[in-house]
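One structure below.
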């Protein structure tokens, strides 16, 4: 079959230093991957095309790039999936990282963030002669996170990183979770304390991009949400994030529904005067437009039944 | 066509114009709807941070309520749609989990068997009503109006819970809707990204950057308005646009953010006041004027 | 110019394990790798790591014997003893570093069975054992602040007064060539799968380390011992771990027969890899294959079991073949996978050149002999990675200064690279490699004979003559992978030559070296290693005795 690809080219050694798209068309086997096609271009058409790739089996994590705007490992993206009728596909380098050349990006920023989460096991007490005893379920659970091959797809498409390059990002936070959830690590409380601060777990937008693009089902966002829960359980409650969640649950408990005005005020914190004043202009404008949520919140019928469920689950969680 | 209507908290709270316009549009289309008054908030992913199981139970309860009525659920909020779909996906994939969740509903005499379909109004219009029938209710083509689609995360991700396999057109449904009303789609990079609402209370600076970037990008590409099927996106993109644009681009809020039913209502020739367009923070006057210069049944170019 | 006490080439398991040891011992250590450490090919080891844990009733001698039998008695038994004895310690150390090994119901480490062994002593992390180990060793590297020359490519070793004193290396990002001086160098640059086509190996496995050491005067040993893995995916050649058979999968031919019953009545699918690959190839050659493949059948294991314990296999089968292992058998065939041969070292990793150590797949200690057992390679990397660093650190203490400050060597290398860049449009390295690699598989395959091996050798000679005409499209400096591929090809041709020389030297069949014209093992004349040297006069072939401690060679039956 014919693979029609449009590749974003960038060569820092050209005088203009401008990126442009270049179209290629190569003949490949029907079950070929996008990577097969790119390699074919590199080997037979244009040896100057720069990309990283190695294992061709979705285990080394080298070949993340954007296919039609979304980050993926091109070795496991089959052409017939993305271009069943020979459509042209567009290949861009990963986002949120500077491009070195063509499809090769500089991942330094990402690795710095991995370093920042103290990415190594810190067991407590004297080292045993044999292995640490740990439940198999815990280890199997961690396989899901260790599946991460640090390909950077989630980093590329993270919407929080896009506006704030300080944000730790999904891959590094999934890495953090790997230790927070490791029963052998003795510094969970300390780790959660650090992760509870900016720019870690609470700065995730919950947009699901990382979950969507991860080629290894690591579900970084789910891990981040779990760490929020763990941080709260561990007593880290002095954050707008905690207050937001708490107020949310309490509103659902009380009314079965959300009390938006209360949610805003609770999140900022009742004692945070500047924060409350900051909310005010938007609130006043909304009021003028007849948009502010009702002072007496809308309740679900049977909200007592909902409260029972909330109470039961909250008890169980304790 | 009859649905169990799940309006969501925001349509019943901070964005009443969504509720009103949605009901008006449904009435015009002859979509019967029974509001799920007993249903709870779905948690919006926030409650799930603290207790995912609690979220799943509350949502399965909603699914069971609709099942009892023998009706599919209709949502008008991307977040509601996504969060309820995810809960549905989780229990359908794992029968043992569904059984466990059902034990919490037994007291109310509820049991979810797993048959409820959950659809956003956006999908219903395409899949159940059909674009042809929808178009037949339009009296005014919005020709010459440029509208940028803003989907809201949960109606596009995670895709495995959203039925894209069977219904691939869902991924471009909002673009299709803009075309259906006769307007032009203004494409921009942020259309499936985050609006910033979920971190509004946590990291307002980042949230404002998102609002500014998306509304600014769409404006720069010629959009007259932005349409969204998610009231949470609306709240942030509309309510915080003045602050966001001032702080990040140093300019003024100039992009009306309209709800999907408002856009449809305009095409159906409804009065902009009845659609609540005057209730937005960012003025919709210029948009309304532009749509009203289009004579009913004609196009803007003809005057 | 950069300076270190100890420079480690390669950041896979052997390299990182050596580096961690070096840093812990207070040495000024750096690692240099042409890819980021976690991109290394150690990732691809799926099934597990062998260790006889004596504290729970296992016997390291039984592991040693299985290894020696697996090697068809070509392994040096002193080295095997060390590996088997140190295995438990190395494993526990990895566990303490944080590897999330699977557990049994008591929370202790759990095992699965692997080929060539009766006892289940393979410790594992799902089907991502190598990846899980590599990432944890990288965590340790971050913990100790290890310096890594990341995406730097070594072009030559600097040899002064007969000892290795550093390297010249290309910073791939900038395109600049540098000298890195070191008192000792540990070569841990991995295998050479790309010398063959097809291969399970990654594109980076180009035998750089083998060629670099060979050019520096080190002996390569038993290079004819090429492992063909029994289960590689049809068409793509992607590896499907032995863990599948370890967990109970069957091999079937086109007639639905579990054919291993005829070849290895006792061990069946879990005979040594060379045995299983030959059986498969025989089935295929005799017309009981399906389009050049046989079938691997996991259906009876059940979906949950497959997904829990062999998740990555399911991922690969689904993503790359569209096959659900719980529903359908998957077509597989033998594929080039590993090179038992390598840079000859003693049990401390020291090569025949002072200052040069080697560990991991590029080294030959020799613990794998003529056929490596599954799950012994990961063990090899950590045991001998550690040992070579321990020894090198001591050696470094005996060396004063970093040798001369001459940049003469660098200038020579710069000219060599520039000459490639300056060449007029000629042959493409990819096409030349393809031709070379296909002829190697054809000539030095699962089955081989004098004629096929000579054919490969003649072809490699032709390829050698083509090398001066290989040109590059990319004349720039930044991330010029085109230039790197040309340099890799140059190394690969060296490796191919050494493999042919070793293969033609060994006049018997042993382990993976199966000659259809000499089918028997000949202990009387060939219970010895083949050694090949690169000299100014051409390749010199020699032999050396195999170290036998307590296990006399006997006929090998599975």
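Residue numbers (the working numbering), protein chains in the order written: chain H, 217 to 534; chain X, -12 to 290; chain S, 290 to 847. Note that CB positions come from ideal geometry on N, CA and C, so glycine has one too. A quick note: this is a predicted structure, and the numbers were derived from the prediction, not measured.
In chain H, what lies closer than 8 Å to residue i by C-beta?
i	result
residue 330 of chain S	270, 271 and 276
residue 201 of chain X	Those do not exist, as residue 201 of chain X stays about 10 Å from chain H at its closest Cβ, beyond 8 Å.
What does residue i touch in chain H if you count any residue whose Cβ is under 9 Å from its own?
i	result
residue 324 of chain S	268, 270, 276 and 278
residue 386 of chain S	336 and 337
residue 391 of chain S	352, 355, 356 and 359
Using a threshold of 8 Å, state whether the C-beta atoms of residue i and residue j are closer than that.
i	j	result
residue 184 of chain X	residue 149 of chain X	no
residue 528 of chain S	residue 518 of chain S	yes
residue 491 of chain S	residue 276 of chain H	yes
residue 321 of chain H	residue 267 of chain H	no
residue 473 of chain H	residue 64 of chain X	no
residue 660 of chain S	residue 516 of chain S	yes
residue 640 of chain S	residue 790 of chain S	no
residue 49 of chain X	residue 91 of chain X	no
residue 533 of chain S	residue 520 of chain S	yes
residue 530 of chain S	residue 416 of chain S	yes
residue 410 of chain S	residue 400 of chain S	yes
Can you tell me which of the options puts its alpha carbon nearest to the alpha carbon of residue i?
i	options	result
residue 173 of chain X	X/102, X/2 and X/135	X/135
residue 531 of chain H	X/-6, X/40, X/144 and X/58	X/40
residue 645 of chain S	S/570, S/825 and S/503	S/503
residue 824 of chain S	S/386, S/500 and S/738	S/500
residue 293 of chain S	S/372, S/468, S/331 and S/665	S/468
residue 369 of chain S	S/427, S/719, S/637 and S/305	S/637
residue 118 of chain X	X/151, X/31 and X/167	X/167
residue 478 of chain S	S/777, S/814 and S/842	S/777
residue 633 of chain S	S/804, S/819 and S/436	S/819
residue 218 of chain X	X/103, X/107 and X/85	X/107
residue 737 of chain S	S/607, S/673 and S/800	S/800
residue 355 of chain H	S/435, S/430 and S/398	S/398
residue 175 of chain X	X/155, X/164, X/203 and X/220	X/203
residue 261 of chain X	X/101, X/73, X/157 and X/8	X/8
Which residues of chain H have a Cβ atom closer than 7 Å to the Cβ of residue i, listed in chain order?
i	result
residue 185 of chain X	421 and 422
residue 761 of chain S	263
So which residues of chain S does residue i contact, with C-beta pairs closer than 8 Å?
i	result
residue 229 of chain H	765, 766 and 767
residue 305 of chain H	Under the 8 Å cutoff, chain S gives no residues; its nearest Cβ is about 18 Å from residue 305 of chain H.
Using a C-beta to C-beta distance shorter than 7 Å, which residues of chain X count as neighbours of residue i?
i	result
residue 371 of chain H	Within chain X, no residue comes near residue 371 of chain H; the closest Cβ sits about 15 Å away, beyond 7 Å.
residue 526 of chain H	41
residue 428 of chain H	144, 145 and 146
residue 464 of chain H	33 and 34
Residues of chain X with CB under 8 Å from residue i, in chain order?
i	result
residue 456 of chain H	188 and 189
residue 313 of chain H	Correct list: empty, because the minimum Cβ distance to chain X is about 16 Å.
Name the chain S residues that come within less than 7 Å of residue i, Cβ to Cβ?
i	result
residue 347 of chain H	381, 384, 397 and 398
residue 241 of chain H	In chain order: nothing, as chain S lies at least about 18 Å away.
May I have a chain-ordered list of the beta strand (DSSP E) segments no shorter than 3 residues that lie completely inside the segment 771 to 844 of chain S?
-> 817 to 824 and 827 to 834
With a floor of 4 residues, list each alpha helix (DSSP H) that falls wholly inside the segment 255 to 280 of chain X, ordered by position along the chain.
-> 272 to 279
Using 8 Å as the Cβ pair cut-off and three pairs as the minimum, do the segment 225 to 235 of chain H and the segment 273 to 285 of chain H touch?
-> no
Do the segment 544 to 560 of chain S and the segment 598 to 607 of chain S meet, that is, are 3 or more Cβ pairs less than 8 Å apart?
-> no
Count the C-beta pairs between the segment 540 to 548 of chain S and the segment 576 to 583 of chain S that are closer than 8 Å, then say yes if the count reaches three, no if not.
-> yes
Return the chain-ordered ranges of every alpha helix (DSSP H) run that is complete within the segment 277 to 329 of chain H and spans a minimum of 4 residues.
-> 295 to 298
Going along the chain, which unbroken runs of the beta strand (DSSP E) with 3 or more residues stay wholly within the segment 453 to 540 of chain S?
-> 465 to 476 and 515 to 522
Inside the segment 317 to 392 of chain S only - beta strand (DSSP E) runs reaching at least 3 residues | 318 to 322
At a cut of 8 Å, does the segment 377 to 396 of chain H reach the segment 293 to 300 of chain H through at least three beta carbon pairs?
-> no
Using 8 Å as the Cβ pair cut-off and three pairs as the minimum, do the segment 411 to 429 of chain S and the segment 388 to 402 of chain S touch?
-> yes
Below 8 Å, can you find three or more Cβ-Cβ pairs linking the segment 756 to 763 of chain S to the segment 705 to 717 of chain S?
-> yes
So does the segment 401 to 411 of chain H actually touch the segment 436 to 448 of chain H, counting three or more Cβ pairs closer than 8 Å?
-> yes
For the segment 51 to 106 of chain X, list the alpha helix (DSSP H) runs that are entirely contained and at least 4 residues long, ordered along the chain.
-> 65 to 80 and 82 to 90
Touch test, the segment 318 to 332 of chain S against the segment 698 to 713 of chain S, Cβ-Cβ under 8 Å, three pairs minimum | no
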